[in-house]
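A quick write-up on the structure given underneath.
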Amino acid sequence: MFAGVIMKKHQITICCLLLITLILGNKLQAQSATLEPEPGFTEYASYYISSFDLQTGASNFQLFRFRIQANSYPVFTKIIFNVSMVSPVLGLHSETVIVALETAPIQLHNDIILDNQNLSTNTAQLLDVSGSAVPLSVTINDVIDVAQFEQILSSVMTTGRLAAGHYTFVVELFSGSSENDLSLTDSENITIVVESPTYISLESPGGALADTAMNEIYNTFPFFMWYPQFCSQCDMEIRIAEFKPGIHSSVEDAIEDETMIPFDQTEDWEFLGNVTSFQYPITNALLLAYNKVYVWQIKASLPTTVGVEEIISSINAFKIGDIGGTNPLPTGVNPVIQLLGQAITSDEFNALFGPGGSLEGYVPNGTYSVNGNSADQNAVMTIINQVINQNATITNVSVND
Numbered sequence: 001m002f003a004g005v006i007m008k009k010h011q012i013t014i015c016c017l018l019l020i021t022l023i024l025g026n027k028l029q030a031q032s033a034t035l036e037p038e039p040g041f042t043e044y045a046s047y048y049i050s051s052f053d054l055q056t057g058a059s060n061f062q063l064f065r066f067r068i069q070a071n072s073y074p075v076f077t078k079i080i081f082n083v084s085m086v087s088p089v090l091g092l093h094s095e096t097v098i099v100a101l102e103t104a105p106i107q108l109h110n111d112i113i114l115d116n117q118n119l120s121t122n123t124a125q126l127l128d129v130s131g132s133a134v135p136l137s138v139t140i141n142d143v144i145d146v147a148q149f150e151q152i153l154s155s156v157m158t159t160g161r162l163a164a165g166h167y168t169f170v171v172e173l174f175s176g177s178s179e180n181d182l183s184l185t186d187s188e189n190i191t192i193v194v195e196s197p198t199y200i201s202l203e204s205p206g207g208a209l210a211d212t213a214m215n216e217i218y219n220t221f222p223f224f225m226w227y228p229q230f231c232s233q234c235d236m237e238i239r240i241a242e243f244k245p246g247i248h249s250s251v252e253d254a255i256e257d258e259t260m261i262p263f264d265q266t267e268d269w270e271f272l273g274n275v276t277s278f279q280y281p282i283t284n285a286l287l288l289a290y291n292k293v294y295v296w297q298i299k300a301s302l303p304t305t306v307g308v309e310e311i312i313s314s315i316n317a318f319k320i321g322d323i324g325g326t327n328p329l330p331t332g333v334n335p336v337i338q339l340l341g342q343a344i345t346s347d348e349f350n351a352l353f354g355p356g357g358s359l360e361g362y363v364p365n366g367t368y369s370v371n372g373n374s375a376d377q378n379a380v381m382t383i384i385n386q387v388i389n390q391n392a393t394i395t396n397v398s399v400n401d
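For the sequence shown, our numbering begins at 1 and goes up steadily by one.
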C-alpha cells in the first residue's frame with residue numbers, strides 16, 4: 001500500500017513536470033519575434049540628398065520594410081539600426097559608423113510594420129496591423145565624429161548625392177517575455193554600393209567621324225566595348241546605324257535615322273542588361289557591309305531614390321574596310337569562317353579554306369566546344385573577336401567530321 005502511494009506521487013510529479021515544461025515551452029516560443037521581409041531592403045545606384053532630411057533622419061524613399069511578428073502575443077521587443085560606410089573618396093578606408101539608433105523596449109500585441117519612411121527622431125509612435133498605437137522612443141547610441149561628418153556633408157552639398165562607397169545597413173531585433181529579458185532573435189543586413197556614374201566612355205570600335213580612316217576595322221561582326229564598369233545597378237542599351245555621306249550631315253543625324261540595331265525600327269534602343277560589351281549578332285540585326293561607315297551609342301539607365309536616371313554616351317564612328325583592299329571572303333560565308341579570315345593572315349586562311357586546302361568547302365554545323373565545354377556560335381565569335389583584339393590566344397583548334 002505504501003509503495004503504491006509513493007508510485008502514485010511519482011506519477012503525479014512527472015505529470016506536473018511535463019505540464020510545466022509544455023506551458024513554459026509554449027510561452028518561450030511565443031516570446032520570440034522575427035523580421036519578415038516585405039520586401040526587405042531595396043537597392044539603388046544613387047542616393048540623392050533631396051530624399052533625406054538631415055536634421056531628423058527622415059527619408060521619403062523605400063530603403064527597407066519588414067514585418068515584426070511573433071507566434072503569440074504579447075511580446076516585448078526592441079530594434080537596433082546601424083548604418084556604416086567605407087568611402088575611399090572621402091578618406092574612409094575602414095568601416096566607419098555613421099549612426100546607430102536603438103528603440104526603447106516596446107510591448108507588441110499584434111504584428112507591426114517597420115518601414116524606414118516612418119522612422120525619424122520625431123517619431124513618437126507606430127501603428128500595429130490592427131491600427132493600435134505603439135509608443136516609440138528612439139535614442140542615438142553612436143554617431144560619426146564631427147570632422148568626418150563635415151566631410152560627408154560637404155560632398156553631399158556639392159553633388160546632391162551621397163558620396164560613392166559601400167554603405168552597410170543592419171537591422172537587429174531583440175525580443176523576450178519582459179523588457180528586462182531581451183535577446184537577439186533576428187537580424188537583417190545589406191551592403192549597398194553607392195555609385196555616381198556621370199558619363200559612359202566608348203572604348204571600341206571607332207572614334208570621331210573625322211578619324212574613320214584611323215578607326216577602320218575588318219570585321220562585319222564587331223565586338224563593342226564601353227566603360228564604366230562600376231555601375232552594378234545599371235541597365236545598358238545600344239543603337240547602331242549607318243552613316244550615309246550626302247544624306248547625313250552629322251553622326252547625330254545618322255544615329256536618329258534607320259538603325260541596324262534595333263532591327264525593329266519602332267524601337268529607339270536595343271536592351272542589353274547589366275553588361276559592358278556586346279557581340280554584333282548574326283540574327284535580329286541588319287548585316288554590316290564592307291567599305292561603309294557606322295555609328296553607335298550607349299544609354300545607361302540606373303535606379304535612384306528620385307526615379308530612373310538616364311546617361312547617354314557620345315557617338316562613335318567606325319568604317320569596315322576590306323583586308324588588303326580586297327575582300328577574300330565572298331558574301332554568304334559562314335560568320336565564324338568570316339571572322340577566322342580576319343583573325344589569321346590571308347596566306348594562312350587560303351592554305352586552310354582555299355582551293356586544295358584541308359578545309360576547302362567546310363561549313364560549321366553549329367556544334368562548338370571551347371575548353372571542353374559546349375558553346376554557341378555567338379560565344380565562339382566573341383572569342384575570335386578577342387583574338388583579333390589581342391585579348392586572347394588560340395592554342396589549338398580541332399575539326400570533327
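All residues carry an ideal CB built from backbone N, CA and C; glycine is no exception.
Asked, Found
"Opening and closing residue of the alpha helix (DSSP H) in which residue 407 lies", "In the structure as shown, the chain starts at 1 and stops at 401, and residue 407 therefore has no counterpart that could be examined."
"C-beta contact flag for residue 216 and residue 241 at 9 Å", "no"
"Those residues which DSSP pairs with residue 84 across a bridge", "97 and 168"
"Residue 125: first and last residue of the uninterrupted beta strand (DSSP E) it sits in", "125–127"
"Other residues of its chain near residue 135: CB distance less than 8 Å, five sequence neighbours each side excluded", "106, 124 and 125"
"Exposed unless 16 or more other CB atoms sit within 10 angstroms - verdict on residue 382", "buried"
"Where residue 201 falls: helix, strand or coil (DSSP)", "strand"
"Residue closest to residue 285, alpha-carbon to alpha-carbon, out of 304, 275, 263 and 294", "263"
"In chain order, each beta strand (DSSP E) run of at least 3 residues that lies wholly inside the stretch 252–299", "259–261, 270–273 and 277–279"
"Span separating the alpha-carbon of residue 85 from that of residue 237", "31 Å"
"Classification of residue 199 by the beta-carbon crowding that lies within 10 angstroms, buried from 16 upward", "exposed"
"Euclidean distance between Cα positions of residue 180 and residue 98", "28 Å"
"Same chain only: Cβ atoms within 6 Å of residue 186, ignoring 5 sequence neighbours per side", "34, 35 and 173"
"Proximity of residue 337 and residue 353 at Cβ, strictly below 9 Å", "yes"
"Outcome for residue 310 when other beta-carbon atoms lying within 10 angstroms are tallied against a minimum of 16", "exposed"
"Backbone CA spacing between residue 213 and residue 248 [nearest angstrom]", "18 Å"
"Residue 251, buried or exposed, once every other Cβ within 10 Å from all chains shown has been counted against 16", "buried"
"Residue closest to residue 360, alpha-carbon to alpha-carbon, out of 368, 369, 367 and 349", "349"
"Status (buried if at least 16 other CB within 10 Å, exposed otherwise) for residue 163", "buried"
"Beta-carbon proximity of residue 68 to residue 108, cut-off 9 Å", "yes"
"Length-filtered (4 minimum) alpha helix (DSSP H) runs lying within the stretch 336–394", "346–353 and 377–388"
"Proximal residues to residue 314 (C-beta, below 7 Å), its chain only, five neighbours per side dropped", "202"
"Pairwise C-alpha distance: residue 189 and residue 104", "21 Å"
"Span separating the alpha-carbon of residue 326 from that of residue 211", "Low confidence applies here, because residue 326 scores a pLDDT of 43, under 50, leaving its location unreliable and the question unanswered by this model."
"Where residue 418 falls, given that 16 or more other Cβ within 10 Å makes a residue buried", "Because the chain is modelled from 1 through 401, residue 418 falls outside the range shown and cannot be assessed."
"Beta strand (DSSP E) segment containing residue 135, residue limits", "133–135"
"Residue 69 in three-state terms, based on DSSP", "strand"
"Beta-carbon proximity check, residue 114 vs residue 41, cutoff 9 Å", "no"
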